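Asks: Mapping the sequence shown onto the numbering used here, position 113 (from 1) lands on 113, and the numbers just tick up by one.
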Amino acid sequence: MSEDCKQTLSELVDRCRTGGMRRTQALESVLRLLLESDHPLTAGVIAESPGLKGHCDPATVYRLLLRLEEHGILRRLGLRDRAAHYTIRHSHTHDDYIVCTRCGSIEELEMDCPVEALEAEIAKKSGFTQLDHELEFFGVCPSCAGAEG
1 MSEDCKQTLS ELVDRCRTGG MRRTQALESV LRLLLESDHP LTAGVIAESP
51 GLKGHCDPAT VYRLLLRLEE HGILRRLGLR DRAAHYTIRH SHTHDDYIVC
101 TRCGSIEELE MDCPVEALEA EIAKKSGFTQ LDHELEFFGV CPSCAGAEG
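Next up, the structure:
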């Protein structure tokens with residue numbers, strides 16, 4: 001794990017503790033796994049990961065994911081009828097995603113967020129501070145579209 005990831009993990013654990021969560025091996029394993037992943041992961045994949053499987057009951061992992069989401073540490077992505085995917089919510093940046101409505105694949109958009117200027121305008125006009133947003137687009141991925149043809 002890189003020094004940046006170690007620092008981020010430490011900051012996330014501190015945020016969890018401030019929110020009343022206990023520092024446990026399961027907590028650190030879940031956060032470490034999501035930090036090291038280059039894409040959002042399902043609860044099932046997280047529960048079956050080497051750092052958790054055999055050490056932590058899957059129901060405990062699911063409850064932990066829900067608590068992390070409630071505390072604003074994780075972001076839940078996906079369609080209502082498909083498995084949820086989880087990713088870290090960084091306090092200083094955010095990621096935007098596109099979700100396939102057929103297969104449920106999720107990809108991070110590799111572009112500047114088109115909503116940041118709108119967010120700044122809303123803050124200026126409304127007087128609200130610390131604005132945040134989550135942006136997800138839904139469509140049919142190239143693989144599913146190719147299977148149609």
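Quick reminder that beta carbons are idealized off the backbone N, C-alpha and C, glycines included.
In this text the structure is predicted, and so the values were computed from the model without any measurement.
1) Since L68 contacts L77 with CB under 8 Å, what's their CB separation in whole angstroms?
2) Please return the same chain residues whose Cβ sits closer than 8 Å to the Cβ of I46, not counting the five positions on each side in sequence.
3) Once the 5 residues before and after I106 are set aside, which same chain residues still bring their CB inside 6 Å of it?
4) Roughly how many angstroms separate the alpha carbons of P114 and K125, rounded to a whole number?
5) Going by CA-CA distance only, name the one from P50, A26, H55 and D81 that's closest to R63.
6) What number of angstroms, rounded off, separates the C-alpha of F137 from the C-alpha of C5?
7) Between A123 and the rest of its own chain, which residues show a CB-CB distance below 8 Å, the 5 nearest in sequence each way excluded?
8) Counting only runs of 3+ residues fully inside the stretch 86-140, write out the beta strand (DSSP E) ranges in chain order.
9) Give the DSSP-derived three-state secondary structure of T42 in the structure shown.
10) Only counting the same chain, and skipping five residues up and downstream in sequence, which positions put a Cβ closer than 7 Å to that of G72?
11) My guess is that E108 and D95 are in contact by the Cβ rule of under 8 Å, so how many angstroms apart are they, rounded?
12) Only counting the same chain, and skipping five residues up and downstream in sequence, which positions put a Cβ closer than 8 Å to that of L9?
Replies: Taking the coordinates as given:
1) Rounded, the Cβ-Cβ distance is 14 Å, inconsistent with contact.
2) V30, L33, L34, L52, V61, L65 and Y86
3) P40, L77, H85, Y97 and V99
4) 18 Å
5) A26
6) 28 Å
7) T129 and L131
8) 97-100, 106-108 and 136-139
9) strand
10) R89
11) 5 Å
12) M1, E28, L31, R32 and L35
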